[in-house]
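Asks: In my numbering, the protein residues as written are 153 to 853.
Don't be surprised by glycine CBs; every beta carbon is placed ideally from N, CA and C.
Just so we're clear, the structure is a prediction, and the values are computed from it rather than from any experiment.
Provided herewith is a single structure, encoded as structure tokens, for subsequent inquiry.
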């Protein structure tokens, strides 16, 4: 496994070896740019660098060009030395100039970089409608009729057939002798050729055709009805319009094409606060659909010129009503709205039930209001943390489900969720195990640790500290105060950090030995079960935490990571681990999790400060470095994410595949950058990385 800088250098050389004589500018002034210059500087014609902040300066003997200096310096091409996740941000800064002057820009893989087109804003008339538009229309009529499904209420699934597919899972142990979802849909379609059937008639036909016991058939039907009730959610803005009509003395009717009997429909409506209507017209009771004349039943009671019908289906609600002289107001189904929004490409992944369940739950929240796209020209607007949580939760939940599969595969006897990234995940893990009755799995343990709290006890000699010292960005005083945590050091600010460390090596080693004993005592008290494999849960890592704990425990662990990248320390590349996202580093593949990983880490973290060290008596924490507003944001969005995960497990466990990857949920996460984010939605989310001696800024999304 290559170290990241070597991967960058070799990839660059492979793809640009034919351009050695070209006048090349490298965009970026990080360690990977320096590695390219150090390793290949005498083989290529590098004429300069680029960086937004350092423009006009000189670095490593090379000028840092301003963008308008490229042509006069006869630059042939630019290579952007950065992760793919920021290519567009960088390129947009220079795009107009370099394109006008025919100076191409490339990634290290040799791929030419262009400005990616944003979602093309649309001028659909539907974007002009808001809730008030509907209320104003209601004011014009004496009689208002409402459709039910996808109008007053909706299901938390993408397509109606998904309800039957979910029931397949619930019926899997019944040995029915047939695939329930196929037979249920086929039977309904066959009966509809004769008349619009009732649910009881559908099940009677199944009973006769497949020789089922009457009691079994009755039980299956009741389970379908129960599933309907579970998956129903009101469309709040239309419910409000319904009550507005009643409160303004309109006569209100409800009319629907549906196989559920009127008693069940009345119960569904009542559960969702829909009361006070004049009459309920259900197609199975009248043996005809709206297109076949159900609206005529309404016209026996009311004059068509006084009626406004509100519904979602172009044929059944709009054309059928208008053909009889009834005025209409069309609203969109939630899944119709997603196809008319900047999120439309996500529907490409809707071929699997598991994916559709994420989409169904997500859009039942994002597009619950049929007016969610008002004034947007199709670009979805994120203006609440709850809305944002719906795009983040699928990635976190999918990762935890994947982790559970790894725990089962390894027959693990314990799983350790390390601080602070394990704070929210262990809650979700335990919730899943409890709801799915996974009693054979370990309950999981939350282990206090941090970069500093584990690295010092894990060290064996001063050489173990050198990689950390090279990365430390603070002062000598900060290093000894925050990392070595002792007063008896001789510190000389006029010499290097490495020299100061060597002078104080004996004291540092002695303190580390004491911390190791204290940390081992703490870990012993956690009663970690080493009967079989012990899984260590982490989020994004190079394996530092796993390596440190293995050295302290003197036992092997099996790591699970959302993404494990390669480390400059070879032994950390030899640990046992699984990684959901397989890229060795952030240069290899442009996953969306790489674009927002610092935000994800902030969100799942503990409200406690970063651990400094563990002593015999207690845990010592660093001062809290996050803002009050940042922690409030974290607590609120954690609550919303947990609710999403719990609801998914409650209703959609049957959709979870035996093997799942992270591709689709990563696509959902990518919807964030296809949204319009309300200014000020995110507070200051900066954190201080004590072990690095520098602030980490969580970038705006």
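Is DSSP giving residue 209 helix, strand or coil here?
Replies: The residue given as residue 209 occupies position 57 in the chain shown. Of the three classes helix, strand and coil, the one that applies to residue 209 here is coil, per DSSP.
Asks: Measuring alpha carbon to alpha carbon, tell me which residue in 650, 743, 661 is nearest residue 854.
Replies: With the chain covering only 153 through 853, there is no way to say anything about residue 854.
Asks: Between the Cα of residue 799 and the Cα atoms of 256, 588, 346, which residue gives the shortest distance?
Replies: Indexing the chain shown from 1 puts residue 799 at position 647. Minimum Cα distance to residue 799 is reached at 588.
Asks: Under 8 Å Cβ to Cβ from residue 129, same chain only, skipping five residues before and after it: list those, please.
Replies: In the structure displayed, the chain extends from 153 to 853; residue 129 sits before or after that span and is not available.
Asks: Can you tell me the Cα-Cα spacing of residue 609 and residue 706, whole angstroms?
Replies: For this step, residue 609 is matched to residue 457 along the chain shown. For this step, residue 706 is matched to residue 554 along the chain shown. The straight-line gap from Cα to Cα measures roughly 12 Å.
Asks: Can you tell me which of the three DSSP states residue 153 falls into?
Replies: Position 1 of the chain shown holds residue 153. For residue 153, the pLDDT reaches just 45, beneath the cut-off of 50, and the residue's location in the model is therefore unreliable, although a value from the coordinates is still provided. Three-state result, residue 153: coil.
Asks: Kindly give me the distance between the Cβ atoms of residue 626 and residue 845, rounded to whole angstroms, as I take these residues to be in contact under 8 Å.
Replies: By one-based count along the chain shown, residue 626 stands at place 474. By one-based count along the chain shown, residue 845 stands at place 693. About 2 Å; that satisfies the 8 Å criterion.
Asks: If you run the structure through DSSP and keep just helix, strand and coil, what is residue 854?
Replies: The chain is shown only over 153 to 853; residue 854 falls outside these bounds and no answer can be derived.
Asks: Helix, strand or coil for residue 720 per DSSP?
Replies: Here residue 720 is taken as the residue at index 568 of the chain shown, counted from 1. Residue 720 falls in the coil class under three-state DSSP.
Asks: State the beta-bridge partners of residue 223 as determined by DSSP.
Replies: In the chain shown, counting from the first residue as 1, residue 223 sits at position 71. DSSP lists no partner for residue 223.
Asks: Using the rule of at least 16 other Cβ atoms within 10 Å of the residue's Cβ for burial, across every protein chain shown, is residue 166 buried or exposed?
Replies: In the chain shown, residue 166 corresponds to position 14, counting from 1. Under this definition residue 166 is an exposed residue.
Asks: On a Cα-Cα basis, can you pick out the residue from 528, 503, 498, 396 that is closest to residue 515?
Replies: In the chain shown, residue 515 corresponds to position 363, counting from 1. Closest by alpha carbon: 498.
Asks: Nearest-angstrom Cα distance between residue 792 and residue 422?
Replies: Counted from its first residue, the chain shown places residue 792 at position 640. Counted from its first residue, the chain shown places residue 422 at position 270. Approximately 27 Å between the Cα atoms of the pair.
Asks: What number of angstroms, rounded off, separates the C-alpha of residue 360 from the C-alpha of residue 318?
Replies: As a first step, residue 360 is located in the chain shown; it is residue number 208 there, counting from the start. As a first step, residue 318 is located in the chain shown; it is residue number 166 there, counting from the start. Rounded to whole angstroms, residue 360 to residue 318 spans 23 Å at the Cα level.
Asks: Using only CA atoms, which one of 624, 807, 645 lies nearest to residue 847?
Replies: On the chain shown, residue 847 is found 695 positions in, with the first residue counted as 1. The residue with the shortest Cα to Cα distance from residue 847 is 624.
Asks: Please list, in chain order, all residues of the same chain as residue 267 whose beta carbon is under 8 Å from its beta carbon, the five residues on each side excluded.
Replies: Taking the first residue of the chain shown as position 1, residue 267 is located at position 115. Around residue 267: 240, 243, 244, 247.
Asks: Please determine if the stretch 674 to 691 and the stretch 642 to 660 are in contact, where contact requires at least 3 C-beta pairs separated by less than 8 Å.
Replies: Cβ pair count under 8 Å is below three, so no.
Asks: Leaving out the 5 sequence neighbours to the left and right, which residues in its chain are closer than 8 Å to residue 805 when beta-carbon positions are compared?
Replies: For the purposes of this step, residue 805 is taken as residue 653 along the chain shown, with counting starting at 1. 321, 587, 588.
Asks: Run the CB neighbour count on residue 173, radius 10 Å, all protein chains shown included, and call it buried at 16 or more, exposed below.
Replies: Residue numbering aside, residue 173 sits at position 21 when the chain shown is read from its first letter. Residue 173 is exposed by the Cβ-count criterion.
Asks: Buried or exposed for residue 362, going by 16 or more other Cβ atoms inside 10 Å?
Replies: Numbered from its first residue, the chain shown carries residue 362 at position 210. Counting Cβ neighbours within 10 Å, residue 362 comes out exposed, since fewer than 16 surround it.
Asks: Around the C-beta of residue 817, are 16 or more other C-beta atoms found within 10 angstroms, so that it is buried, or is it exposed?
Replies: Here residue 817 corresponds to residue number 665 of the chain shown, with the count starting at 1. By the 10 Å Cβ count, residue 817 comes out buried.
Asks: Output the distance between the C-alpha atoms of residue 770 and residue 600, rounded to the nearest integer angstrom.
Replies: Stepping through the chain shown from its first residue, residue 770 is reached at position 618. Stepping through the chain shown from its first residue, residue 600 is reached at position 448. Distance between the alpha carbons of residue 770 and residue 600: 11 Å.
Asks: Could you have a look at residue 682 and say whether DSSP puts it in helix, strand or coil?
Replies: Within the chain shown, the letter at position 530 stands for residue 682. Coil.
Asks: Do the CB positions of residue 689 and residue 570 come within less than 8 Å of each other?
Replies: Here residue 689 is taken as the residue at index 537 of the chain shown, counted from 1. Here residue 570 is taken as the residue at index 418 of the chain shown, counted from 1. Going by C-beta atoms, residue 689 is nearer than 8 Å to residue 570.
Asks: Where does residue 236 fall in DSSP's three states?
Replies: Here residue 236 refers to the residue found at position 84 when the chain shown is read from its first residue. In the structure shown, residue 236 sits in a helix (DSSP, three-state: H, G or I).
Asks: Three-state secondary structure (DSSP) at residue 469?
Replies: Counting from 1 along the chain shown, the entry for residue 469 is found at position 317. It is helical.
Asks: Hey, is the stretch 283 to 290 in contact with the stretch 770 to 780, meaning 3+ C-beta pairs nearer than 8 Å?
Replies: Flag = no, the stretch 283 to 290 and the stretch 770 to 780 do not touch.
Asks: Quick check: what's the CA-CA separation for residue 831 versus residue 155?
Replies: Numbered from its first residue, the chain shown carries residue 831 at position 679. Numbered from its first residue, the chain shown carries residue 155 at position 3. Those two C-alpha atoms are separated by around 39 Å.
Asks: Three Cβ pairs or more, each shorter than 8 Å: is that satisfied between the stretch 369 to 379 and the stretch 396 to 403?
Replies: No, the stretch 369 to 379 is not in contact with the stretch 396 to 403.
Asks: Can you give me the Cβ contacts of residue 836 inside the same chain, cut-off strictly under 8 Å, excluding the 5 residues immediately before and after it?
Replies: If you number the chain shown from 1, residue 836 lands on position 684. Cβ neighbours of residue 836 beyond the five flanking positions: 779, 781, 782.
Asks: Would you decide whether residue 542 is buried or exposed? Buried here means 16 or more other CB atoms lie within 10 Å of its CB.
Replies: As a working note, residue 542 is residue 390 in the chain shown. Residue 542 comes out buried.
Asks: Just verifying my parser: in three-state terms, what is the DSSP assignment at residue 241?
Replies: Locating residue 241 in the chain shown gives position 89, counting from the first residue. Note: residue 241 maps to helix in three-state DSSP.
Asks: Tell me whether residue 307 sits in a helix, a strand or coil according to DSSP, three-state version.
Replies: What you label residue 307 is simply residue 155 of the chain shown in a count that begins at 1. Of the three classes helix, strand and coil, the one that applies to residue 307 here is strand, per DSSP.
Asks: Evaluate residue 153 with the Cβ neighbour count: other Cβ atoms within 10 Å of its Cβ, from every protein chain shown; 16 or more gives buried, anything less gives exposed.
Replies: Your numbering for residue 153 matches position 1 in the chain shown. Residue confidence for residue 153 is low, a pLDDT of 45 falling below 50, so the modelled location carries little weight and cannot support an answer.
Asks: Looking at C-beta atoms only, is the number of pairs between the stretch 504 to 519 and the stretch 533 to 547 that lie closer than 8 Å three or more?
Replies: With the cut-off at 8 Å, the stretch 504 to 519 and the stretch 533 to 547 touch.
Asks: Would residue 178 and residue 233 qualify as a contact pair, given that the criterion is a beta-carbon distance under 8 Å?
Replies: Mapped onto the chain shown, residue 178 falls at position 26. Mapped onto the chain shown, residue 233 falls at position 81. Going by C-beta atoms, residue 178 is nearer than 8 Å to residue 233.
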